[in-house]
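Novice: Residue numbers (our numbering), protein chains in the order written: chain A, 9 to 466; chain B, 117 to 659. Ideal placement from N, C-alpha and C gives every residue a C-beta, glycine not left out. Just so it is clear, the structure is predicted and the values come from calculations on it, not from any experiment.
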């Protein structure tokens with residue numbers, strides 16, 4: 009057994025974290041920074057964090073992940089990292105020539121209390137940041153929240169530090185996509201375009217973290233939200249933030265700063281959440297929904313109804329980031345499944361409440377815990393087995409030990425490809441997700457069927 | 117074709133080109149860590165190493181915690197490795213190095229698949245995390261009943277002043293199991309290397325020597341600095357066993373805390389990765405009288421000579437003969453494989469930038485199949501790993517590394533027992549037996565090559581543009597940037613998903629892998645037909 013030490017009996021743990029269902033803030037900020045065109049993310053801390061964050065993102069995307077670090081030494085850790093950051097900015101702009109550097113912090117620089125805002129101001133004043141180039145920065149203490157919090161912090165900072173309200177509407181809708189895959193970001197833009205809406209989606213890692221092979225390495229690939237777009241988000245007609253944990257703060261901050269009215273929606277995973285996303289876009293821009301979208305919605309509905317026998321009443325365990333898990337849970341309930349064990353590692357009281365809402369029809373039969381970890385999820389599964397597990401790659405250890413059909417979803421996925429190319433948001437993404445679930449369930453049926461029940465036609 | 121191309125490249129020009137893109141101060145600093153090998157006479161070449169990283173340069177280096185927890189202690193299967201810090205450090209070092217473990221039975225301890233953390237929150241930063249650490253140890257004990265628990269400090273722990281060692285002592289007393297801490301805060305030293313040293317010290321202080329049971333075996337050795345990536349340790353173990361040599365302990369692939377406790381009963385230490393474990397080797401010699409030798413089980417020639425070295429040490433004719441038999445037998449398929457693969461690989465070129473040891477060891481594997489290494493370097497090795505141990509007296513410890521503790525080790529009054537008499541040692545040495553010797557990477561480098569220490573992304577790009585290698589070896593962070601150029605990239609940390617690559621059997625795996633990578637079809641298709649021939653001309657269907 010891979011997880012041979014996990015007992016069935018659940019003892020309450022107050023402090024010990026075992027097999028976390030989250031990681032720390034800066035990696036989310038690094039990911040967000042990569043979604044700006046021409047941007048080099050920078051980690052203000054000791055270099056181990058940066059190496060780990062780059063490695064984790066690289067393994068997930070199988071793409072180059074470029075980022076620099078202040079490389080704190082013990083001296084800087086005691087006396088402050090100003091000299092390191094100034095040196096770093098000089099080296100970066102001289103050698104790597106990005107248009108913008110997106111600085112985030114680590115538990116080291118946060119604990120010693122470096123004032124990054126003041127250091128960046130000095131760098132502008134001293135000319136370390138060349139004319140026409142930018143540095144955005146955010147505070148991402150690893151001991152608060154999770155990687156999703158880090159994403160949210162960086163998105164908020166890039167918006168507030170770069171946007172300039174001219175007072176003249178650009179007629180566009182801002183979309184903050186949440187901590188989702190490049191494929192999901194592209195799908196959100198496609199849906200907006202189908203509605204005839206001009207959108208500014210930020211950050212936007214599509215084309216950057218699922219880029220092509222051309223025989224040439226390009227440090228700043230095509231794609232990403234441009235500085236010009238970020239500058240104009242204060243002139244947009246509305247903002248939609250997808251996923252409360254990742255995107256509510258940024259769109260609300262834009263609302264307070266620039267008076268761009270905002271809506272916060274669930275991630276558009278599944279039928280109902282996509283309905284709400286399309287509706288939000290429609291009302292924000294004052295447009296009507298074209299038939300092409302109705303067509304896609306109808307296709308998803310059609311497949312769900314066709315596949316009911318395989319889905320209805322099946323028990324599912326889910327772990328992941330709160331925005332993802334909430335939307336997924338609702339989708340599973342919609343298609344007739346029963347999510348019974350649900351955990352997230354990211355703190356936030358609203359999680360349990362939202363899960364209870366979307367699983368209301370099952371009442372108290374649902375185990376939901378936040379913040380929690382995969383060790384706890386595994387124990388729940390040992391006490392009440394499930395038919396399907398949906399989790400990031402780390403779930404494969406539970407899936408194998410308990411012999412559960414397994415669908416990889418979320419961050420990180422280190423042992424499969426697809427997540428950066430095929431969306432799970434929108435109606436099309438819903439179909440793709442459904443195909444993965446059905447594939448896992450039906451492969452299991454085939455594997456376990458006695459010969460006489462091994463069917464050609466499902 | 118590649119061979120001709122590389123002869124025209126002058127390493128001095130590459131160095132100049134690299135430095136021209138840096139601010140002057142950075143260029144000065146990096147200049148010391150970039151060493152062209154312009155002639156075959158390498159006398160006087162010095163490789164700047166183990167100095168702080170230039171901020172913003174895009175280094176591939178990690179931190180002290182990674183060197184301590186990730187590298188040295190991570191592979192031990194029956195200790196609960198508890199990270200004291202916010203969640204990231206524990207998360208990123210969770211199953212991401214391919215240290216394989218194989219416990220002897222289904223109920224033997226194996227915590228490899230787990231990640232334990234105190235998951236510090238802001239209130240722990242403000243009020244201190246010692247209480248939480250104690251409670252976490254208690255919870256870990258209550259649930260898992262482990263043999264031992266070790267605690268790893270992360271960046272904020274040192275800053276807020278949590279005393280992990282005091283907590284370890286208190287909880288050890290309370291629970292009656294071995295509990296010990298590592299002050300391996302990420303900012304210590306300048307790289308993973310500091311973490312190796314800190315791990316060596318603590319394991320020596322808290323575990324080594326606790327169990328004096330002597331294994332019933334004739335030729336007992338420790339294998340130091342072998343982490344069982346992709347199963348390397350397993351096949352080394354198998355080969356040694358075939359020769360009649362037994363391992364008391366391996367530091368630390370597939371290891372257990374009891375093996376560490378017992379390692380002072382071995383009669384020889386064979387050091388594989390010099391950088392990470394030479395401290396334990398030295399301390400075992402000083403305290404218990406066990407000599408050490410540098411060996412390498414990478415590549416058939418090195419493996420054969422390492423086996424012979426071990427056999428020669430024991431001065432037992434039966435063992436010497438057995439080793440020769442095994443080498444002869446194992447070499448047959450290796451030679452056949454080399455003959456086959458060489459047809460497709462000879463004349464091709466490679467470069468490699470790996471942690472602190474493999475950039476040297478793997479050169480042999482490439483040379484066996486007729487490939488040339490154009491450039492190599494380490495992330496975090498010291499000058500002795502480049503230039504050989506004879507430079508150790510000249511190495512100055514700079515301000516960034518001065519706070520890494522040097523243990524003062526003395527002879528153990530009861531347990532010190534020289535494995536050889538001074539006369540025997542002298543006789544062996546006079547025959548050229550190389551105790552405590554390591555020549556380093558430099559002798560491997562040929563005229564026209566370039567050594568780069570702590571390579572940056574910009575330097576990698578320049579090397580690729582100017583040397584145009586056929587294959588590039590490094591780690592996951594470099595992999596996809598290199599491959600975008602259309603150049604195959606072999607990871608020599610994780611081996612991608614491959615391995616084992618050690619000893620004779622592993623060499624065969626490696627040769628097959630390099631052959632596959634160099635000769636895969638995919639590299640020919642980078643251009644679409646319409647890019648190769650953009651002129652439009654009418655073609656009729658069926659023409």
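Can you find the residues in the same chain that come closer than 7 Å, C-beta to C-beta, to residue 117 of chain B, ignoring five residues on each side of it along the sequence?
Specialist: As a working mapping, residue 117 of chain B is identified with position 1 in the second chain. Because the pLDDT at residue 117 of chain B is just 39, under 50, the model does not fix this residue reliably, and the value given afterwards should be weighed accordingly. Nothing listed; no residue qualifies.
Novice: Per DSSP, what are the beta-bridge partners of residue 362 of chain B in this structure?
Specialist: Residue 362 of chain B sits at position 246 when you count from the first residue of the second chain. Per DSSP, B:336.
Novice: Looking at chain B, is there any beta carbon in it that lies within less than 8 Å of the beta carbon of residue 76 of chain A?
Specialist: On the first chain, position 68 is the one that residue 76 of chain A refers to. Closer than 8 Å to some Cβ of chain B, the Cβ of residue 76 of chain A qualifies, so yes.
Novice: Please tell me whether residue 104 of chain A has its Cβ less than 8 Å away from any Cβ of chain B.
Specialist: The residue given as residue 104 of chain A occupies position 96 in the first chain. True, the Cβ-Cβ gap to chain B drops below 8 Å.
Novice: Which residues in the same chain as residue 405 of chain B place their Cβ atom closer than 7 Å to its Cβ, once the five residues preceding and following it in sequence are excluded?
Specialist: Taking the second chain and counting its residues from 1, the one referred to as residue 405 of chain B is at position 289. Excluding positions up to five away in sequence, the list reads 532, 533, 534 and 535.
Novice: Contact between the region 342-361 of chain A and the region 374-381 of chain A: three or more CB pairs below 8 Å?
Specialist: The region 342-361 of chain A, when compared against the region 374-381 of chain A, does touch it at the 8 Å Cβ threshold.
Novice: Using 10 angstroms around the beta-carbon of residue 54 of chain A, count the other beta-carbons present and answer buried if the total reaches 16, otherwise exposed.
Specialist: Translated into positions along the first chain, residue 54 of chain A becomes position 46. Classification for residue 54 of chain A: buried.
Novice: What residues in its chain sit with their C-beta under 8 Å from that of residue 124 of chain A, if we drop five residues either side in the sequence?
Specialist: What you label residue 124 of chain A is simply residue 116 of the first chain in a count that begins at 1. Result list for residue 124 of chain A: 52, 93, 111, 113, 117, 145 and 147, in chain order.
Novice: Please return the same chain residues whose Cβ sits closer than 6 Å to the Cβ of residue 173 of chain B, not counting the five positions on each side in sequence.
Specialist: Position 57 of the second chain, counted from the start, is the residue given in the question as residue 173 of chain B. Closer than 6 Å at Cβ, skipping near neighbours: 572.
Novice: Report the CB separation of residue 180 of chain A from residue 245 of chain A in whole angstroms; it is logged as a contact under 8 Å.
Specialist: Your numbering for residue 180 of chain A matches position 172 in the first chain. Your numbering for residue 245 of chain A matches position 237 in the first chain. Indeed they touch by this definition, with Cβ atoms about 7 Å apart.
Novice: So residue 363 of chain A packs on residue 406 of chain A, CB below 8 Å; how close in whole Å?
Specialist: Translated into the one-based positions of the first chain, residue 363 of chain A becomes position 355. Translated into the one-based positions of the first chain, residue 406 of chain A becomes position 398. The Cβ separation is near 20 Å, so there is no contact.
Novice: Any C-beta of chain A sitting closer than 8 Å to the C-beta of residue 152 of chain B?
Specialist: The residue labelled residue 152 of chain B in the question sits at position 36 within the second chain. So, not an interface residue.
Novice: Looking at C-alpha atoms only, which residue of A:44, A:189 and A:72 is the closest neighbour of residue 430 of chain A?
Specialist: For the purposes of this step, residue 430 of chain A is identified with residue 422 of the first chain, where counting begins at 1. Selected option, being the one with the closest Cα: A:189.
Novice: To the nearest angstrom, how far is it from the Cα of residue 234 of chain B to the Cα of residue 416 of chain A?
Specialist: The residue labelled residue 234 of chain B in the question sits at position 118 within the second chain. The residue labelled residue 416 of chain A in the question sits at position 408 within the first chain. So the two alpha carbons sit approximately 27 Å from each other.
Novice: Tell me whether residue 630 of chain B, by its Cβ, gets closer than 7 Å to a heavy atom of the ligand MN.
Specialist: What this structure holds is no ligand at all, so the ligand MN is not there to describe.
Novice: According to a CB-to-CB cut-off of less than 9 Å, which residues of the region 125-149 of chain A neighbour chain B?
Specialist: Residues 149.
Novice: Could you tell me which of B:328, B:205, B:308 and B:158 sits nearest to residue 178 of chain B, measuring between CA atoms?
Specialist: Walking along the second chain from the start, residue 178 of chain B turns up at place 62. Checked all of B:328, B:205, B:308 and B:158; the closest Cα to residue 178 of chain B is B:308.
Novice: Going by DSSP, what residue range makes up the alpha helix (DSSP H) through residue 671 of chain B?
Specialist: Lying outside 117 to 659, the shown extent of chain B, residue 671 of chain B is not represented and no answer is given.
Novice: Hey, how far is the Cα of residue 643 of chain B from the Cα of residue 497 of chain B?
Specialist: Counted from its first residue, the second chain places residue 643 of chain B at position 527. Counted from its first residue, the second chain places residue 497 of chain B at position 381. Approximately 40 Å between the Cα atoms of the pair.
Novice: What number of angstroms, rounded off, separates the C-alpha of residue 628 of chain B from the C-alpha of residue 346 of chain B?
Specialist: Locating residue 628 of chain B in the second chain gives position 512, where the first residue counts as 1. Locating residue 346 of chain B in the second chain gives position 230, where the first residue counts as 1. Rounded to whole angstroms, residue 628 of chain B to residue 346 of chain B spans 15 Å at the Cα level.
Novice: Residue 649 of chain B to residue 105 of chain A, Cα distance in whole Å?
Specialist: Counting from 1 along the second chain, the entry for residue 649 of chain B is found at position 533. Counting from 1 along the first chain, the entry for residue 105 of chain A is found at position 97. One C-alpha to the other measures close to 33 Å.
Novice: Using a beta-carbon distance cut-off of less than 7 Å, what residues from the region 297-311 of chain B approach chain A?
Specialist: Correct list: 302, 303, 304 and 306.
Novice: Which value, in whole angstroms, describes the spacing of the CA atoms of residue 165 of chain A and residue 225 of chain B?
Specialist: Along the first chain, read from residue 1 onward, the residue named residue 165 of chain A stands at position 157. Along the second chain, read from residue 1 onward, the residue named residue 225 of chain B stands at position 109. Approximately 47 Å between the Cα atoms of the pair.
Novice: Any idea what DSSP makes of residue 34 of chain A, helix, strand or coil?
Specialist: One-based indexing of the first chain puts residue 34 of chain A at position 26. Residue 34 of chain A falls in the helix class under three-state DSSP.
Novice: Is the distance from the Cβ of residue 560 of chain B to the Cβ of residue 476 of chain B below 8 Å?
Specialist: For this step, residue 560 of chain B is matched to residue 444 along the second chain. For this step, residue 476 of chain B is matched to residue 360 along the second chain. Going by C-beta atoms, residue 560 of chain B is nearer than 8 Å to residue 476 of chain B.
Novice: Any residues in the region 160-175 of chain B with a beta carbon nearer than 7 Å to a beta carbon of chain A? Which ones, in chain order?
Specialist: Within the region 160-175 of chain B, the qualifying residues are 168, 169, 170, 171, 172, 173, 174 and 175.
Novice: Check the Cβ-Cβ distances between residue 13 of chain A and every residue of chain B, and say whether any is below 8 Å.
Specialist: Numbered from its first residue, the first chain carries residue 13 of chain A at position 5. Yes, residue 13 of chain A counts as interfacial toward chain B.
Novice: Using a C-beta to C-beta distance shorter than 7 Å, which residues of chain A count as neighbours of residue 229 of chain B?
Specialist: As a working mapping, residue 229 of chain B is identified with position 113 in the second chain. Within chain A, the residues near residue 229 of chain B are 10, 11 and 405.
Novice: Give the DSSP-derived three-state secondary structure of residue 117 of chain B in the structure shown.
Specialist: Mapped onto the second chain, residue 117 of chain B falls at position 1. With a pLDDT of 39 at residue 117 of chain B, under the threshold of 50, the predicted position of this residue should be treated as unreliable, though the coordinate-derived value follows. In the structure shown, residue 117 of chain B sits in coil (DSSP, three-state: anything other than H, G, I, E or B).
Novice: To the nearest angstrom, report how far apart residue 501 of chain B and residue 197 of chain A are at their CA atoms.
Specialist: Here residue 501 of chain B is taken as the residue at index 385 of the second chain, counted from 1. Here residue 197 of chain A is taken as the residue at index 189 of the first chain, counted from 1. Distance between the alpha carbons of residue 501 of chain B and residue 197 of chain A is about 52 Å.
Novice: Quick one: Cα of residue 273 of chain B to Cα of residue 490 of chain B, how far?
Specialist: Taking the second chain and counting its residues from 1, the one referred to as residue 273 of chain B is at position 157. Taking the second chain and counting its residues from 1, the one referred to as residue 490 of chain B is at position 374. Spanning the two alpha carbons is a distance of roughly 42 Å.
Novice: Report buried or exposed for residue 237 of chain A, applying the criterion of at least 16 other Cβ atoms within 10 angstroms of its Cβ.
Specialist: Indexing the first chain from 1 puts residue 237 of chain A at position 229. Buried is the call here.
Novice: Take the Cβ of residue 354 of chain B as the centre, count every other Cβ of all protein chains shown within 10 Å, and call the residue buried at 16 or more, exposed below.
Specialist: Within the second chain, the letter at position 238 stands for residue 354 of chain B. The residue in question, residue 354 of chain B, is exposed, as its Cβ has fewer than 16 Cβ neighbours within 10 Å.
Novice: Note down, in chain order, every chain B residue with its Cβ under 9 Å from the Cβ of residue 28 of chain A.
Specialist: In the first chain, residue 28 of chain A corresponds to position 20, counting from 1. In chain order: 203, 206, 207, 210, 231, 233 and 235.
Novice: Rounded to whole angstroms, what is the Cα-Cα separation between residue 393 of chain B and residue 508 of chain B?
Specialist: Within the second chain, numbered from 1, the residue matching residue 393 of chain B stands at position 277. Within the second chain, numbered from 1, the residue matching residue 508 of chain B stands at position 392. For residue 393 of chain B and residue 508 of chain B, the distance between alpha carbons rounds to 15 Å.
Novice: Listing by chain order, which chain B residues have their CB less than 8 Å from the CB of residue 332 of chain A?
Specialist: The residue you call residue 332 of chain A lines up with position 324 of the first chain. The contacting residues do not exist; residue 332 of chain A stays about 17 Å from chain B at best.
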